[in-house]
Structures are given as structure tokens and as C-alpha cells.
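1372 is the number that the working numbering gives to position 70 of the sequence shown; each next residue is one higher, with no gaps. A virtual CB, placed ideally from N, CA and C, is assigned to each residue, including glycine. Structure first, commentary second.
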Amino acid sequence: MSEVVANAFGVGAALCSITSFAPQMIKIWKEQDATAVSLKTYSLTVTCFALWVVYGVMTGAWPVTFANTCALLMASGVLAMKWRFSRRARSGSAA
1303 MSEVVANAFG VGAALCSITS FAPQMIKIWK EQDATAVSLK TYSLTVTCFA
1353 LWVVYGVMTG AWPVTFANTC ALLMASGVLA MKWRFSRRAR SGSAA
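The structure is reproduced here in C-alpha cells:
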């Protein structure tokens, strides 16, 4: 397989990973509600992306590092909103 084709697949995979969190983030932000989000799942997802970033740095694989850093930021955003809106719901304060 040519390097161009392989890179095209890698870019496609990176874009899918990065943008896959956008709909969830938008929905949570608009509704100010993250009750449907699994804390355990997103905690594991954030850990996964963090490990991929470390792997990318250690191996010098900048595409892996870049893509997983972006995905890590998006997943971390969802996780942060989960914590934020869960605390707000528990305290009974409205947005």
C-alpha cells in the first residue's frame, strides 16, 4: 500500500476520532444536562487517549500524538461538563 493511501486513512481516522465528541459536547452544553453520560466510560476514554498521547510522544509518531491530543481535549470537555452539571443537579441550583 502506498504511503499516500495509508496517510489518507490515518487522517480520516483522526478526523473521525476528533469530531466524534462534538455532537455530545454540543448537546450537553445546550441542555446543561449530562445525566445520560457515563462517568466510568468517559473516565476510561480520557485515560485511553492520554495513554495514546504518551505512546505517540515516546515513539515520535506525531500524527498519533496530534490526533489523540485533540480527542483527549474533546473527551475531557465532555467529562468536565459531566462533573459540572452533575454537581449543579445535586445542589439543586438551576442554570
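*Does the separation of the CB atoms of T1367 and V1380 fall below 7 angstroms?*
Not in contact: T1367 and V1380 (Cβ atoms no closer than 7 angstroms).
*When the Cα atoms are used, what is the spatial distance from L1353 to E1305?*
Taking the straight line from one Cα to the other gives about 26 angstroms.
*Can A1369 and S1319 be called in contact, C-beta distance under 7 angstroms?*
Yes; because the gap between Cβ atoms is below 7 angstroms, this pair is in contact.
*Hey, does V1355 have any beta-carbon neighbour from chain B nearer than 7 angstroms?*
The structure shown contains no chain B; it holds only a single protein chain.
*asked:* I'd like to check one pair, A1377 with V1348: are the Cβ atoms closer than 7 angstroms?
replied: V1348 places its beta carbon less than 7 angstroms from that of A1377.
*Quick one: measure Cβ to Cβ for A1336 and S1388, integer angstroms, because I've assumed they're closer than 8 angstroms.*
Contact flag correct, Cβ pair sits at about 6 angstroms.
*asked:* Taking the beta carbon of Y1344 as the centre, do at least 16 other beta carbons fall within 10 Å, making it buried, or is it exposed?
replied: Buried is the call here.
*asked:* Considering Cα atoms alone, identify which of K1329, P1365 and A1382 is closest to A1316.
replied: For the residues K1329, P1365 and A1382, the minimum Cα distance to A1316 belongs to P1365.
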